[in-house]
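K.L.:
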Amino acid sequence: MTATLLSGKPLAQLIQQQATAQSKALAEDGTRPTLAVVVATEDSSTHWYVRSIERAAGIAGIGCRIIDVGHDATEQVLVAVLKDLSADPAVHGIILQTPLPAGVRTQELVRYIAPEKDIDGANPLSLGLLAVGERAFAPATARAVVEILDHFDIPVAGRSVVVVGRSTVVGKPLSLLLLQKDATTTVCHSKSGPLGKYTKAADIVVVAAGRTGLLTGTDVSEHSVVIDVGTNVLADGSLAGDVDEASVRPVAAALTPVPGGVGSVTTALLLLHTAEAAREQLRAAPTPVLTR
Numbered sequence: 650m651t652a653t654l655l656s657g658k659p660l661a662q663l664i665q666q667q668a669t670a671q672s673k674a675l676a677e678d679g680t681r682p683t684l685a686v687v688v689a690t691e692d693s694s695t696h697w698y699v700r701s702i703e704r705a706a707g708i709a710g711i712g713c714r715i716i717d718v719g720h721d722a723t724e725q726v727l728v729a730v731l732k733d734l735s736a737d738p739a740v741h742g743i744i745l746q747t748p749l750p751a752g753v754r755t756q757e758l759v760r761y762i763a764p765e766k767d768i769d770g771a772n773p774l775s776l777g778l779l780a781v782g783e784r785a786f787a788p789a790t791a792r793a794v795v796e797i798l799d800h801f802d803i804p805v806a807g808r809s810v811v812v813v814g815r816s817t818v819v820g821k822p823l824s825l826l827l828l829q830k831d832a833t834t835t836v837c838h839s840k841s842g843p844l845g846k847y848t849k850a851a852d853i854v855v856v857a858a859g860r861t862g863l864l865t866g867t868d869v870s871e872h873s874v875v876i877d878v879g880t881n882v883l884a885d886g887s888l889a890g891d892v893d894e895a896s897v898r899p900v901a902a903a904l905t906p907v908p909g910g911v912g913s914v915t916t917a918l919l920l921l922h923t924a925e926a927a928r929e930q931l932r933a934a935p936t937p938v939l940t941r
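Under the numbering used here, the very last position in the sequence shown is 941; numbers go up by exactly one each time.
#1: For the ligand MN, is there any heavy atom lying closer than 8 Å to the beta carbon of Gln-671?
#2: Given that a residue counts as buried once 16 or more other Cβ atoms are within 10 Å of its Cβ, and exposed if not, what is Glu-677?
#3: Considering Leu-745, what are the terminal residues of the beta strand (DSSP E) in which it resides?
#4: Would you list the residues sitting across from Arg-714 in a DSSP beta bridge?
#5: Hey, does Ala-789 have any beta-carbon neighbour from chain C nearer than 9 Å?
#6: Expressed to the nearest angstrom, what Euclidean distance is found between the alpha-carbon atoms of Ala-729 and His-696?
#7: For the 8 Å Cβ check, are there 3 or more pairs between the stretch 707-722 and the stretch 677-688?
#8: Determine the closest residue to Thr-653 out of Arg-898, Val-914, Ala-926, with distance taken between C-alpha atoms.
#9: In terms of residue numbering, what span does the alpha helix (DSSP H) encompassing Ile-708 cover?
#10: Report yes if the C-beta distance between Val-874 and Leu-798 is below 9 Å; otherwise report no.
#11: Compute the distance between the beta-carbons of Leu-919 and Val-907, then report whether it is under 9 Å.
#12: For Ala-668, count the other beta carbons within 10 Å of its own beta carbon; 16 or more makes it buried, fewer makes it exposed. Which is it?
#13: Looking at Pro-682: is its Cβ nearer than 9 Å to the Cβ of Ser-672?
#14: Return the chain-ordered ranges of every alpha helix (DSSP H) run that is complete within the stretch 788-838 and spans a minimum of 4 residues.
#15: Which term fits Leu-939, buried or exposed, when burial requires 16 or more other beta carbons within 10 angstroms of its beta carbon?
#16: For Lys-840 and Leu-863, I'd like the C-alpha separation in whole angstroms.
Structure, rendered in structure tokens:
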């Protein structure tokens, strides 16, 4: 048996179409949804990713500002930039792209992203709202996993799901989203011991640890649906996931590819979140008082 590949590209196209439709409707009302991406690194893979967001935004009719503050930017500079963007009514979504310069505290900076513009769920307030089931933008990668499962009609309620990785970007928010869908969720991390102890019995395994080839064929069973969130850049510049595809694919029931899986859906969701944020901000804007 060979695992069915769960390509994210068709789903990404559907989500991008939704973002385009919302953007067009907003433009007709005089508002162009605009995303701001703050960059402070010389990392080539990061710049490639940001350019891909910019291209996708252009196709969807969404404005995209790239604010490159330089690889040596201080925390104070970044705070000022995020405050300005949060106060700018022409900006509807903000992403603080990582990695950041040495010594800069990411968790301190994301507090300066206005919650209503936090389209990638980075502000701790967004995670707190998510935890109690209130409306907030989930990190796009975490939501992408759930959207893929829904798209392929893979049931979650009552099933055993193991999430490998406990980051605030994927693991923690994803576990909250899965709990909201009535999954029985286990989160594994570096202190959990052998992964196979947990993953082999799971119906769904999501790997988001940032370690190439972490999950192997011995860690899954023939009924496992495996979602690979990893995007690790290899020495030759290619991308590899956290799953050892060569050993997992002959065993598992289904598997997302890297590239072409979760990543493409993530980018599309960032655009959709931006359009949704613009719509909500437009609704919340105070009505101007007319005077004579």
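Beta carbons are placed, not taken as given, at the ideal position from N, Cα and C, and that holds for glycine. Every value quoted in this text rests on a predicted model; they were computed, and no experiment measured them.
P.N.:
According to the structure shown:
#1: Looking at this structure, you won't find the ligand MN or any other ligand, since it has none at all.
#2: Working through the sequence shown from its first residue, we reach residue 677 at position 28. The residue is exposed, with fewer than 16 neighbouring Cβ atoms inside 10 Å.
#3: Here residue 745 corresponds to residue number 96 of the sequence shown, with the count starting at 1. Unbroken beta strand (DSSP E) run through Leu-745: 742-745.
#4: Locating residue 714 in the sequence shown gives position 65, where the first residue counts as 1. Note: Arg-714 sits in a beta bridge opposite Ala-685.
#5: Within the model displayed, chain C is absent; a lone protein chain is all it includes.
#6: Stepping through the sequence shown from its first residue, residue 729 is reached at position 80. Stepping through the sequence shown from its first residue, residue 696 is reached at position 47. Cα to Cα, the separation comes out at about 22 Å.
#7: yes
#8: Residue 653 sits at position 4 when you count from the first residue of the sequence shown. The residue with the shortest Cα to Cα distance from Thr-653 is Arg-898.
#9: The residue given as residue 708 occupies position 59 in the sequence shown. Residues 693-709.
#10: By 1-based counting over the sequence shown, the position of residue 874 is 225. By 1-based counting over the sequence shown, the position of residue 798 is 149. Cβ distance < 9 Å, so Val-874 and Leu-798 count as in contact.
#11: Residue 919 sits at position 270 when you count from the first residue of the sequence shown. Residue 907 sits at position 258 when you count from the first residue of the sequence shown. No. Outside cutoff.
#12: As a working mapping, residue 668 is identified with position 19 in the sequence shown. The residue is buried, with at least 16 neighbouring Cβ atoms inside 10 Å.
#13: As a first step, residue 682 is located in the sequence shown; it is residue number 33 there, counting from the start. As a first step, residue 672 is located in the sequence shown; it is residue number 23 there, counting from the start. Yes, the Cβ-Cβ distance between Pro-682 and Ser-672 is below 9 Å.
#14: 789-800, 820-829
#15: Mapped onto the sequence shown, residue 939 falls at position 290. Here Leu-939 scores only 48 on pLDDT, less than 50, and its place in the model should not be relied on; the value that follows carries that caveat. That one is exposed.
#16: Start at 1 with the first residue of the sequence shown, and residue 840 comes out as number 191. Start at 1 with the first residue of the sequence shown, and residue 863 comes out as number 214. Looking at the two C-alpha atoms, the distance is approximately 14 Å.
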